[in-house]
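J.: Structure below; questions to follow.
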Amino acid sequence: MTVSSKVPRRIVALWFPRFATDRLQRRGKLRPSETAREAPPLVVVAKVDNALRLSALDRKATSLGLAIGQPLANARAMLPALKVVAANEPDDLKLLTRIADWCGRFTPFVALDGPRGLLLDVTGASHLFGGEQMMLDRIREDLQAQGFAVRGAMAGTATAARAFARYRDGTVIAPGEEATAIAPLPIAALNLDPITTHAFRRAGLKTVGQAAGRKRSEITARFG
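Just so we're aligned: the sequence shown equals residues -19 to 204 in the numbering used here.
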């Protein structure tokens, strides 16, 4: 497909915050309401630095105070009835790939974005679905109806769309407004590695706008 250079690029970012637990619950054919009422909190664990840590949580586990990265032993002390499943990255990848194929009904240009995300280039296609906001809402609602917790946003760049999917679910940023719109978001929205993100915060750069206001040479010299 050839898109005119006059058409602004439009990217939809989708993020699945509970992807691994959603996969397990869908496989068990449990509707979210049934899971919340009857099942124990569900967590997925992976070995990190020779210790088992929580890598995914269902809604119930999150509401009861558990957190990603928490040691399993600590989580069990808090919630003895916890249901624990080992991480299965190959199965997660297979399902995410199937979702990417499903997204082909909106655009043929779909890419995996890490283990829990997708990027859709919908440039020139939103009018087929009633406009940008209606298109984004339909994608999110259809995936939610399939049993997935999903957050999404649309912008002119992948970085902006990804940031808003995580921190301003459902947002559509007008072409050319990305820099202004993203400025108030927390520095974590840039999806940097944890060490760099922590270093920015220690330096007092807590928002994207604060970091963007510094000279490039200063940022490079201090953070690489």
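Glycine included, C-beta positions come from ideal geometry on N, C-alpha and C.
1) Can you check the region 176 to 200 for any alpha helix (DSSP H) of at least 4 residues that lies completely inside it and give the ranges in chain order?
2) Among the candidates Leu46, Leu76, Ala138 and Pro(-12), whose CA atom is the shortest distance from the CA of Lys63?
3) I'd like the ranges of any alpha helix (DSSP H) spanning at least 4 consecutive residues and lying wholly in the region 39 to 89.
4) Is Leu99 near Ala105, with beta carbons less than 7 Å apart?
5) Going by the DSSP bridge assignment, what does Pro166 pair with across the sheet?
6) Counting along the chain, where does the alpha helix (DSSP H) carrying Ile119 start and finish?
7) Roughly how many angstroms lie between the CA atoms of Thr160 and Ala19, to the nearest whole one?
8) Count the other CB atoms within 10 Å of the CB of Leu27; is the residue buried (16 or more) or exposed (fewer)?
9) Excluding the 5 residues flanking Thr137 on each side, which residues of the same chain have their C-beta closer than 8 Å to its C-beta?
10) Could you have a look at Ala31 and say whether DSSP puts it in helix, strand or coil?
11) Within its chain, find whatever has a CB closer than 7 Å to the CB of Thr176; leave out the 5 residues flanking it on each side and keep chain order.
12) Exposed or buried, Lys9, counting other C-beta atoms within 10 Å across all chains shown (16 or more means buried)?
13) Taking all protein chains shown into account, do 16 or more other C-beta atoms lie within 10 angstroms of the C-beta of Lys208, making it buried, or fewer, making it exposed?
14) Whole angstroms is fine: what's the gap from Leu44's alpha carbon to Pro21's?
15) Out of Trp(-5), Glu112 and Ala179, which has the shortest C-alpha to C-alpha gap to Arg148?
16) Mark Ala201 as exposed unless 16 or more other C-beta atoms lie within 10 angstroms of its C-beta, in which case mark it buried.
T.: Let me lay it out:
1) 188 to 192
2) As a working mapping, residue 63 is identified with position 83 in the sequence shown. That would be Leu46, whose Cα lies nearest to the Cα of Lys63.
3) 39 to 43, 52 to 58 and 69 to 82
4) The sequence position of residue 99 within the sequence shown is 119, counting from 1. The sequence position of residue 105 within the sequence shown is 125, counting from 1. No, these two residues do not count as a Cβ contact at 7 Å.
5) The residue you call residue 166 lines up with position 186 of the sequence shown. Paired residues: Thr187.
6) Your numbering for residue 119 matches position 139 in the sequence shown. Segment Glu112 to Ala125, the alpha helix (DSSP H) holding Ile119.
7) Taking the sequence shown and counting its residues from 1, the one referred to as residue 160 is at position 180. Taking the sequence shown and counting its residues from 1, the one referred to as residue 19 is at position 39. In a straight line, the C-alpha of Thr160 is about 44 Å away from that of Ala19.
8) Counted from its first residue, the sequence shown places residue 27 at position 47. The amino acid occupying residue 27 in the given sequence is Lys; Leu does not appear at that position. Result: exposed.
9) Mapped onto the sequence shown, residue 137 falls at position 157. Hits under 8 Å: Arg(-11), Ile(-9) and Glu158.
10) Here residue 31 corresponds to residue number 51 of the sequence shown, with the count starting at 1. Ala31 falls in the strand class under three-state DSSP.
11) Taking the first residue of the sequence shown as position 1, residue 176 is located at position 196. Same-chain partners within the cutoff: Phe203.
12) The residue given as residue 9 occupies position 29 in the sequence shown. Residue placement at Lys9 is flagged as unreliable, the pLDDT there being 49, under the threshold of 50; a coordinate-derived value is accordingly withheld.
13) No answer is possible for residue 208: it lies beyond the span of the chain, which begins at -19 and ends at 204.
14) Locating residue 44 in the sequence shown gives position 64, where the first residue counts as 1. Locating residue 21 in the sequence shown gives position 41, where the first residue counts as 1. C-alpha separation (whole angstroms): 8 Å.
15) Walking along the sequence shown from the start, residue 148 turns up at place 168. When each option's Cα is compared against that of Arg148, the closest is Trp(-5).
16) As a working mapping, residue 201 is identified with position 221 in the sequence shown. Exposed, by the Cβ-count rule.
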